[in-house]
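Take a look at the structure below.
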Amino acid sequence: MGSGKQQYRIAFFTVDWNYELVESTLHGLKQYVDDHEDVYIYIFDCLGKDLDNAKDKSEYVIFDLPDLRKFDGVLVQGNQLVLKRVRDDIERRIVEAGVPAVSIGAPMKGCALIRFDNRAAQKAIANHVIREHHASRLVYLAGNTENGSPEAGERIDGFVDACRENNIPEENIRIVPATWRTSDGADLAERWMQEGLELPDAFICANDEMAIGLMTALKRHEVRIPGDVIVTGFDNLAGSELSSPRLSTVGGDNRNQNYRAMDMLISLIDGKDCGQEVITDFHTICSESCGCPETARPGTIRELYFQQTRFLKDFYNLQGQMAEDLFECNDLQELAETVGKNRRIFGCQDIYLCFNDYYFDHFDKSEWPEEEKPFGEEMILTVRKRGCRSGDGNEKYDFIRFRTEELLPEPLLRRERFMMFYPLHYNTYSIGYIALDGISEAAKMNLHESIFNFLEIAIENVRKKELLRQFNETLDELYVRDSLTGLYNRFGLKRFGQETFDWLMERDHGAQVLFTDMDDMKLVNDLYGHNTGDEALKASAWILSECCDPEDVIIRYGGDEFVIIARWDEKDLKERILATADEYNRNSGMPFQLGFSIGTCSAEASEGKTMDDCIKVADARMYEVKTERKAGR
């Protein structure tokens, strides 16, 4: 990436299923870049889940984009890789590339590890509930233990440790498997109430999302928290601080942890020994949902509520305007301009839309590769033209081709030290990707997913508009073309013939019209059949095309008659046609001889003749030529 002192090019992989955790991670990395001018971080993020369905596969393809051999180090948010297949593939690529790597939150092959102690943290909050609030009948809502990450298992172990340490009888303990989702907590509460089960002393949840879903559903059934049952979470998300009652939880400083992860990675790149595992601190927040006093600072909830309300109002206004602008776009140029104009909603200064070459070049999916690859060999980048200032509302964009393996053209990569790459796809087929030079505030509330959805739908809308335009052009071409000869037909004469005649009269102050009739066409059909007659017509069309200039218009007027609209100064056009026909007859080997009777009519602009006037005159003169020829036989 240029000469001079050491520069560090880092690839970072994460999955945006827990939006707030990822958002805090990104801010930690952005701070690191701001503090270290020799560090470049390229983030490969997606909105995949753990279902591994077609949509998930379309999201995770962004991880296939970077060639890890071209990076100095790799950082992975291991505890966010909720799909084992994806985790295994990244591990394999790290090992094969032999590049220094650090995983955050969960061990991975080929990676050093930084984490806080999930087991100890879960034990701490469980101990608090058991010892301080005398809970002895406990239900634990677990995370996903089948995705290859040990996090869920470690938290279960911490809960079990607390139960054993406090001599909780096994019959008083119930562990419910789940998948980290808010809906898991809500579903558990609904099942519990529908089955009329006795409430435990406490629901201890493996993350805040499930705890908040559980509390919300219990409150709908008028269950008092903590009066009837205690609920705790894990992660200390902002939602836990805004919940009512305020959720008791446990968590660490994610920004600081990720900052330290970068320090570890740089040390590994420099060949320094920083240890293979670093454990960071956690802290418990004992608050209202377990029966402890409110822990929020005075005014915190009000301020957070005000900030979110203000942000949401602003966001939905921006989104509404962007959506309206996007769906009015007729082509990718207009779409690029619209995205640039609405960059504020993306939370960044520059937005780079990168389209697969096959998507950009062929709007018809039937022309795409049979085995569709996530990304083509080349990408087409939309970039502001030189001299266009960002945000002035008048940006124009160029389309630049570059090799996909480059991620972005090298001059941009040298300039942009913090870039985020997200996949763009419509349903299951890949459009390309979008690269952003900043962090969208909408990411914290999962609203950036709706931004991408709008963008993807708008791109698909442009594709369909373009496909429809091409289809209409094809239909239009069929409408004005003669199917046998490929020349214009009478409909083409009305449109393009008239247009050319008027243009010549204006430019050259004159035009000429030739009316051509094939000689003895009936005889050819009678002697050799209509198939041979068709070949004669096509040969005649070829002769006329060879003799005329590209700007001339040739029309199959009907049957064996042709009309030519040409420049008025092409005085030898008639003679060229007859000479070319003679040459064709000498060399074609066909059983028939082509001949033409041609009438001409020239018109000067000052005469006021119309195209139809000229056609009538040329037709009459052609008839005179044909009559004279027959009389001379």
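Numbering follows the numbering used here, with no gaps: position 231 of the sequence shown is 242. Heads up, the beta-carbon is just placed ideally off N, CA and C, and yes, glycines get one too. Quick caveat, the model's predicted, so the values are computed rather than measured.
Please report the straight-line C-alpha distance between residue i and residue j, rounded to a whole angstrom.
{"i": "Cys558", "j": "Asp528", "result": "16 Å"}
{"i": "Val66", "j": "Ala197", "result": "The question names Val, but residue 66 is Lys in the sequence shown. Using only the alpha carbons, I get a separation of about 25 Å."}
{"i": "Glu176", "j": "Asn138", "result": "9 Å"}
{"i": "Gln344", "j": "Arg480", "result": "15 Å"}
{"i": "Ala577", "j": "Met430", "result": "58 Å"}
{"i": "Glu48", "j": "Tyr19", "result": "10 Å"}
{"i": "Pro434", "j": "Met273", "result": "25 Å"}
{"i": "Glu416", "j": "Pro77", "result": "7 Å"}
{"i": "Ile241", "j": "Cys301", "result": "5 Å"}
{"i": "Ser14", "j": "Cys297", "result": "Confidence at Ser14 is low in this model, with a pLDDT of 45, below 50, so its placement is unreliable and no value can be given for it."}
{"i": "Leu364", "j": "Asp563", "result": "42 Å"}
{"i": "Pro188", "j": "Ala200", "result": "14 Å"}
{"i": "Ala347", "j": "Gln205", "result": "52 Å"}
{"i": "Asp513", "j": "Cys612", "result": "15 Å"}
{"i": "Met12", "j": "Val394", "result": "Unreliable placement is indicated for Met12, whose pLDDT of 47 sits below 50; the coordinate value is still reported in the next sentence. Spanning the two alpha carbons is a distance of roughly 21 Å."}
{"i": "Met532", "j": "Glu484", "result": "33 Å"}
{"i": "Ala550", "j": "Lys585", "result": "17 Å"}
{"i": "Gln330", "j": "Val33", "result": "22 Å"}
{"i": "Gly521", "j": "Asp537", "result": "41 Å"}
{"i": "Ile356", "j": "Pro111", "result": "35 Å"}
{"i": "Asp325", "j": "Asn457", "result": "15 Å"}
{"i": "Asp56", "j": "Phe322", "result": "23 Å"}
{"i": "Thr36", "j": "Thr439", "result": "28 Å"}
{"i": "Gly610", "j": "Val535", "result": "22 Å"}
{"i": "Tyr634", "j": "Asp530", "result": "11 Å"}
{"i": "Ser147", "j": "Asp172", "result": "14 Å"}
Buried or exposed: residue i, going by 16 or more other Cβ atoms within 10 Å of its Cβ?
{"i": "Lys41", "result": "buried"}
{"i": "Tyr71", "result": "buried"}
{"i": "Pro180", "result": "exposed"}
{"i": "Ser251", "result": "buried"}
{"i": "Tyr327", "result": "exposed"}
{"i": "Gln133", "result": "buried"}
{"i": "Leu486", "result": "exposed"}
{"i": "Arg425", "result": "exposed"}
{"i": "Gly84", "result": "buried"}
{"i": "Phe432", "result": "buried"}
Less than 8 Å between the beta carbons of residue i and residue j, yes or no?
{"i": "Ile223", "j": "Ser254", "result": "yes"}
{"i": "Leu92", "j": "Ser160", "result": "yes"}
{"i": "Val491", "j": "Phe502", "result": "yes"}
{"i": "Glu162", "j": "Ala117", "result": "yes"}
{"i": "Leu447", "j": "Cys359", "result": "yes"}
{"i": "Gln268", "j": "Ile115", "result": "yes"}
{"i": "Thr291", "j": "Arg266", "result": "no"}
{"i": "Val473", "j": "Asp336", "result": "no"}
{"i": "Val97", "j": "Phe74", "result": "yes"}
{"i": "Trp191", "j": "Glu220", "result": "yes"}
{"i": "Phe526", "j": "Asp623", "result": "no"}
{"i": "Glu107", "j": "Met119", "result": "no"}
{"i": "Tyr53", "j": "Phe23", "result": "yes"}
{"i": "Leu392", "j": "Pro420", "result": "yes"}
{"i": "Leu86", "j": "Ile105", "result": "no"}
{"i": "Thr295", "j": "Ala135", "result": "yes"}
{"i": "Phe413", "j": "Glu389", "result": "yes"}
{"i": "Arg257", "j": "Glu182", "result": "no"}
{"i": "Arg428", "j": "Tyr51", "result": "yes"}
{"i": "Leu498", "j": "Ile445", "result": "no"}
Got a sec? Which residues, its chain only, sit under 7 Å from residue i by beta carbon, not counting five neighbours each side?
{"i": "Met275", "result": "Val113, Ala123, Ile125, Cys285 and Val289"}
{"i": "Gln17", "result": "Asp49"}
Report all residues from its chain with a CB closer than 6 Å to the CB of residue i; omit the five preceding and five following residues, and keep chain order.
{"i": "Leu58", "result": "Asp27, Glu70 and Glu460"}
{"i": "Tyr151", "result": "Phe170, Ile186 and Ile215"}
{"i": "His436", "result": "Ser69 and Ile442"}
{"i": "Asn353", "result": "Met333"}
{"i": "Asp580", "result": "none"}
{"i": "Ile184", "result": "Leu149 and Cys174"}
{"i": "His682", "result": "Because the chain in this structure spans residues 12 to 644, residue 682 falls outside the shown range and cannot be described."}
{"i": "Gln287", "result": "Ala123"}
Would residue i pass as an interface residue toward chain B - the criterion being a Cβ-Cβ separation below 8 Å?
{"i": "Glu345", "result": "Included in the structure is just one protein chain, with no chain B present."}
Exercise. Does the stretch 214–222 touch the stretch 241–251, meaning 3 or more C-beta pairs lie closer than 8 Å?
Worked result: yes
Exercise. Is it a yes or a no for the stretch 559–572 touching the stretch 591–598, going by three-plus beta-carbon pairs under 8 Å?
Worked result: In short, these stretches do not touch, since the Cβ pair count stays below three.
Exercise. Taking one C-beta from the stretch 363–378 and one from the stretch 498–515 each time, how about it: are there three or more such pairs within less than 8 Å?
Worked result: Segments in contact, no.
Exercise. For the stretch 129–138 against the stretch 162–172, are there 3 or more C-beta pairs whose distance is under 8 Å?
Worked result: yes
Problem set entry | Inter-stretch contact (C-beta, 8 Å, three-pair minimum) for the stretch 579–589 and the stretch 605–617 | yes
Exercise. On the three-pair Cβ rule with 8 Å, is the stretch 83–91 touching the stretch 233–240?
Worked result: no
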